[in-house]
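The numbers in full-length UniProt numbering rise by one with no breaks, and the one at position 97 of the sequence shown is 97.
Reviewing the structure listed below.
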Amino acid sequence: MTALQLPDIAPSGHIVVGVDTHKHIHVAAVVDTTAGLRSTLSVTADRDGFEKLLAWARSFGRILAFGVEGTGSYGAALTSFIRRHDTLVIEVSRPNRRLRRLNGKSDTLDAENAARAVLSRTATAIPKVTDGTAEMVRQLKVAYDTAVKARTAAMVTLKAMLVHAPDDVRASAEAKTPLALAHKFSRLRPSLLENTTDSIKHTLRSLSRRWISLDEEAGALNKMIYDLVQEAVPQLVESYGISTHTAAEILIVVGDNPERIKSEAALAKLAGISPIPASSGMTSGRYRINRGGHRQLNAAIYRAAIVRMRGHEPTKVYVARRTAEGKTKRDIVRCLKRYIIREVYRLLRYGPKVAEYAT
Numbered sequence: 001m002t003a004l005q006l007p008d009i010a011p012s013g014h015i016v017v018g019v020d021t022h023k024h025i026h027v028a029a030v031v032d033t034t035a036g037l038r039s040t041l042s043v044t045a046d047r048d049g050f051e052k053l054l055a056w057a058r059s060f061g062r063i064l065a066f067g068v069e070g071t072g073s074y075g076a077a078l079t080s081f082i083r084r085h086d087t088l089v090i091e092v093s094r095p096n097r098r099l100r101r102l103n104g105k106s107d108t109l110d111a112e113n114a115a116r117a118v119l120s121r122t123a124t125a126i127p128k129v130t131d132g133t134a135e136m137v138r139q140l141k142v143a144y145d146t147a148v149k150a151r152t153a154a155m156v157t158l159k160a161m162l163v164h165a166p167d168d169v170r171a172s173a174e175a176k177t178p179l180a181l182a183h184k185f186s187r188l189r190p191s192l193l194e195n196t197t198d199s200i201k202h203t204l205r206s207l208s209r210r211w212i213s214l215d216e217e218a219g220a221l222n223k224m225i226y227d228l229v230q231e232a233v234p235q236l237v238e239s240y241g242i243s244t245h246t247a248a249e250i251l252i253v254v255g256d257n258p259e260r261i262k263s264e265a266a267l268a269k270l271a272g273i274s275p276i277p278a279s280s281g282m283t284s285g286r287y288r289i290n291r292g293g294h295r296q297l298n299a300a301i302y303r304a305a306i307v308r309m310r311g312h313e314p315t316k317v318y319v320a321r322r323t324a325e326g327k328t329k330r331d332i333v334r335c336l337k338r339y340i341i342r343e344v345y346r347l348l349r350y351g352p353k354v355a356e357y358a359t
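Following this line, the structure appears as structure tokens:
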């Protein structure tokens, strides 16, 4: 008795291309909507490779979409290239660990899984545009954050080294701001390197000059970020409690195509602010805190909520009312974060003419 075999199915001519991206090569798989996997290809991660990939994919029929892993990292250049050729790109997450343990892992399998995720509508996210103002802000903010971190480290080290300085040097540093300390010690003129007094003065001068250099660098970068944010989303900065860097975090996450985020609930989930259902068995209506989402954006919205709780009169009234109802401060902050993200979504989609959230 022979086993039954499924008959061959003719290709429909409508395909989805899945791409597993890497630093130097990309691996692609073409999946037909009816005939399944048609072929795979490896290309170099440069313009020549992208053109070869697109021509190869078109030879199998009409491309419905590309499913690309790592659209914000190794797949960013490919995503921009495909978009410029008027083809839909869907962002695909890595397969979960359970599936990888069951089915194994290889670049071709990952590429095929990416295409099937798009076909099954498991993956539906539209990736951010990475060649506009939002990407410019992201790049500058990376440089700014690292400069600020290094500046802080320089000042912490300087103050630690002051412990070993002579008494007169330590006394002259008391009650001075970091800026005043740095300028004071940057003007030190130590003599020859003959003892520890000379070496500590050299050390303090070096650390002070480093701090001043990093402070000037951070200031210049901050000005660039401010100008870009004011040009792109001035309505966010005008909102109470949302600073330039909070608006920058929002812009970085949303990107230059905010229409890809379909609702304020989707933005809340993206920021890790929306609660997650946690019902099971005999329990229902239970939720837990969302520990996922973009944590930098979550922290930025938290800071905005704290600022409003301290100085925004409508928010103060809201906090007093919720406190009288028995809510804890932590619960109130969570509610405020949800209100703020809703306001942010409306400002991004509809402009500054939106109602105050604390009513």
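Glycine included, every Cβ here is placed at the ideal spot set by N, Cα and C.
Could you tell me the distance, in whole angstroms, from the CA atom of residue i to the CA atom of residue j?
i: ASP20; j: LEU54; result: 15 Å
i: ASP8; j: ALA35; result: 8 Å
i: LEU37; j: GLU112; result: 7 Å
i: LEU297; j: LEU347; result: 16 Å
i: ASP46; j: LYS52; result: 10 Å
i: TYR350; j: GLY70; result: 30 Å
i: ASP331; j: ALA278; result: 17 Å
i: ASP256; j: LEU228; result: 12 Å
i: ALA28; j: ALA125; result: 19 Å
i: ALA320; j: VAL148; result: 37 Å
i: TYR357; j: ILE340; result: Note that TYR357 has pLDDT 44, beneath the 50 cutoff, so the model's placement of it is unreliable and no number is given.
i: SER80; j: ARG322; result: 47 Å
i: LEU179; j: LEU188; result: 15 Å
i: HIS14; j: ALA57; result: 11 Å
i: ARG291; j: GLY272; result: 6 Å
i: VAL344; j: ALA304; result: 11 Å
i: TYR318; j: HIS294; result: 27 Å
i: ALA117; j: TYR144; result: 37 Å
i: PRO11; j: THR33; result: 8 Å
i: GLU313; j: ILE289; result: 28 Å
i: GLU216; j: GLY49; result: 42 Å
i: VAL156; j: SER284; result: 51 Å
i: ARG83; j: ILE306; result: 40 Å
i: HIS85; j: SER59; result: 15 Å
i: ASP131; j: GLY72; result: 11 Å
i: ASP168; j: ARG310; result: 42 Å
i: THR359; j: ARG342; result: At THR359, the pLDDT of 38 sits below 50, so the modelled position is not reliable; the number obtained from the coordinates is stated separately. When rounded, the distance between both Cα atoms is 13 Å.
i: MET161; j: ARG308; result: 39 Å
i: ARG94; j: ASN222; result: 35 Å
i: VAL333; j: ALA266; result: 19 Å
i: GLY219; j: SER106; result: 46 Å
i: ALA355; j: LYS176; result: In this predicted model, ALA355 has a pLDDT of only 43, less than 50, meaning its place in the structure is not dependable; the value taken from the coordinates is given anyway. In a straight line, the C-alpha of ALA355 is about 45 Å away from that of LYS176.
i: GLU231; j: LEU109; result: 44 Å
i: SER263; j: ARG205; result: 54 Å
i: GLU325; j: PRO275; result: 20 Å
i: PRO234; j: PRO258; result: 15 Å
i: SER239; j: LYS316; result: 16 Å
With a cut-off of 8 Å on the beta carbons, I'd call residue i and residue j a contact; round off their distance for me.
i: ALA114; j: GLY241; result: Not quite, the Cβ-Cβ distance comes to about 40 Å (not below 8 Å), so this is no contact.
i: SER191; j: SER208; result: Not confirmed; about 18 Å, so no contact.
i: THR44; j: HIS24; result: 7 Å
i: VAL163; j: PRO127; result: Their Cβ separation, rounded to whole angstroms, is 51 Å, which puts VAL163 and PRO127 out of contact at 8 Å.
i: LEU64; j: HIS26; result: No, LEU64 and HIS26 are not in contact; Cβ-Cβ is about 19 Å, not under 8 Å.
i: LEU181; j: LEU214; result: Their Cβ separation, rounded to whole angstroms, is 14 Å, which puts LEU181 and LEU214 out of contact at 8 Å.
i: PHE66; j: THR40; result: In fact, because the Cβ distance is near 14 Å, the residues do not count as touching under 8 Å.
Would you call the CB atoms of residue i and residue j closer than 8 Å?
i: LEU270; j: ILE250; result: no
i: VAL16; j: LEU119; result: yes
i: ALA123; j: GLU174; result: no
i: ILE301; j: LYS327; result: no
i: ILE225; j: THR244; result: yes
i: ALA248; j: VAL137; result: yes
i: ARG151; j: TRP211; result: yes
i: ILE252; j: ALA134; result: yes
i: VAL68; j: GLY61; result: no
i: HIS202; j: LEU193; result: yes
i: THR146; j: PRO166; result: no
Ends of the beta strand (DSSP E) at residue i?
i: ILE126; result: Here ILE126 belongs to no beta strand (DSSP E), and DSSP marks it neither H nor E.
i: GLY18; result: 14-21
i: ILE90; result: 89-92
List the endpoints of the continuous alpha helix (DSSP H) containing residue i.
i: VAL163; result: VAL163 -> no alpha helix (DSSP H), and no H or E assigned at all.
i: LYS311; result: Note on residue identity: the sequence assigns Gly, not Lys, to residue 311. Its alpha helix (DSSP H) spans residues 295-311.
i: PRO234; result: 234-238
i: GLY341; result: The question names Gly, yet the displayed sequence has Ile at residue 341. Start and end: 329-350.
i: ARG116; result: 107-119
i: ILE250; result: 244-254
i: ALA271; result: Where ALA271 is concerned, there is no enclosing alpha helix (DSSP H), given that its DSSP letter is neither H nor E.
Check whether the Cβ of residue i sits closer than 7 Å to any heavy atom of the ligand MN, and report yes or no.
i: ARG308; result: Summarising the ligand content, the structure contains no ligands, and the ligand MN is consequently not present.
- Which ranges does the alpha helix (DSSP H) cover as unbroken runs of at least 4 residues, wholly within the stretch 168-229, from first to last along the chain? 178-186
- Task: Entirely within the stretch 29-86 and at least 4 residues each: give me those alpha helix (DSSP H) ranges in chain order.
- Result: 47-58 and 76-84
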